[in-house]
Structure formats: structure tokens, C-alpha cells
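Numbering (the working numbering), first residue to last: 35 to 285.
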């Protein structure tokens, strides 16, 4: 089923994106490694091997997205799997740890420019890539979009005072993932009558640069649900929001 399929993974030059690209290539897919930095993307593609091709892709740059679409169109002609993985938690390089990040992200003090910058990557970026890649997805007989979110974006979960991370909900990263969830729902509704499946995934608290390497899950464990959903066949459902292994997360 996976052999010969074409995938694009955004933010694939490190962390979970890199792991997802590696596992999809191992499963037999031809993987386009999306990376804002071309040299880092090339290094990852070289490491993965013949099943991977680097493509320069900055999800905040429409010209970059259009160029990536053209590369995939000209070399593969279609796209079967789109994994919108690229994300950031902050633009502030002076932040030392998660506690400081949360304190500085409180709605009473966080700069609006910081919110806009994070949302540009985490919420608007996946929508921009989806719009650009849709013609390629329509060229597939079994296309699937996998948007990588977070349980931190679940309003039902985060509104519960007993949830361990309840106090960590803020208008920067957490709310950007809530916005992504809403945008993904809009994609799901739009594609209900088509053959394009759209799924939302929470990978868990991965130990990556996104959280200053203070996560509790390994990259390998965090990537599992993304890979599982990306490899689902055409009979598998659309419109789900899950974590490993297929456990549903409330919206």
C-alpha cells in the first residue's frame, strides 16, 4: 500500500519531522523533506537515502511554498500524503526554560508581535501549504493530510482545572494549536465529499528543540502517531483527532 506513494513533511530537517520523514521512507514512500534551510534539508535527505528528496520550504513564505509545489509537481506529479509538522513555540532566543517561557507568554504580558509570529508558522503556515498542495493532492487516488497539533490546543482538555497542564494554556503556542485545530476542522468539512482525508494528531510532549529539549517523550515515541495516521489506507476514517495509539482527543 505504501510503496510508490509520495509524501511531503514540513519542518523535516530536525526533531519529529526528521523522524517522520525517515519512517515514511523506510515504509516505502518517496519523501520530500521540507526545510526552511536548504543545506539542512539536503543533509537529512542524504542521511535518509534514495527515498528522500530535499525541498526548500518556509511555511511563512508564499513564494517558497509555490516553489516547493512546483518541484513536487515536476518530479512526482502528485502528492499522496501531506504532513504539516513545522511549528515553533517562541521567537525569543533569550528564553532559558519552559517555566520562563510560560511566564512570559501570559496574556497580560506577552507581546502581540510574538503571538503573530508564532501563529504565522503554526496556524497560517499549514493552511498556506494545504492551499498550495491541494492540486497535487487531488491528483492522488488516496490522499491524506495530517496536521500535527497538540493536546495543549484542546479547549475541552485545557479548560479542565484538574488537567496537569491546565495552568500552561497561553495565547501563543497553545492557542496557535487551538487555531490549527479549527482550521483543520474547516479542511475536514471542505473535503467531506471528496477522496481527500484530513486528520489531526497530537504527538505528545516530545523532547525536541520546540520545548528546549525538556519534553518527557522520546522523538521516536512522539512520532509514532503521526506515522501511523500518515500510513493509513483509504478505508481509514477522516476527521479524527488522535494520540498514540489512535486514542481520541476531545476538541
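All C-beta atoms in this analysis are idealised placements derived from N, C-alpha and C, irrespective of residue type, glycine included.
List the endpoints of the continuous alpha helix (DSSP H) containing residue 106. 96-109
query = Considering residue 54, what are the terminal residues of the beta strand (DSSP E) in which it resides?
reply = Not the beta strand (DSSP E): residue 54 falls in the alpha helix (DSSP H), residues 49-60.
Practice prompt. Tell me where the alpha helix (DSSP H) around residue 213 begins and ends.
Written response: 207-224
With a cut-off of 8 angstroms on the beta carbons, I'd call residue 100 and residue 166 a contact; round off their distance for me.
6 angstroms
Notebook entry, point to check: For residue 68, which three-state DSSP category applies?
Noted result: strand
What first and last residue would you give for the beta strand (DSSP E) that runs through residue 41? 40-43
Next item on the list: Can you tell me which of 135, 221 and 155 puts its alpha carbon nearest to the alpha carbon of residue 7?
Entry: An answer regarding residue 7 cannot be provided, because it is not within the stretch 35 to 285 covered by the chain.
Given a cut-off of 9 angstroms on the beta-carbon distance, is the pair residue 139 and residue 230 in contact? no
>> Within the continuous beta strand (DSSP E) that includes residue 88, where are the two ends?
In response: 86-90
Secondary structure of residue 191, DSSP reduced to three states: helix
(Q) Check this for me: beta carbons of residue 157 and residue 106, under 9 angstroms apart or not? (A) no
For this session: Determine which residues share a DSSP beta bridge with residue 180 and list them.
Result: Per DSSP, the beta bridge partners of residue 180 are 117 and 233.
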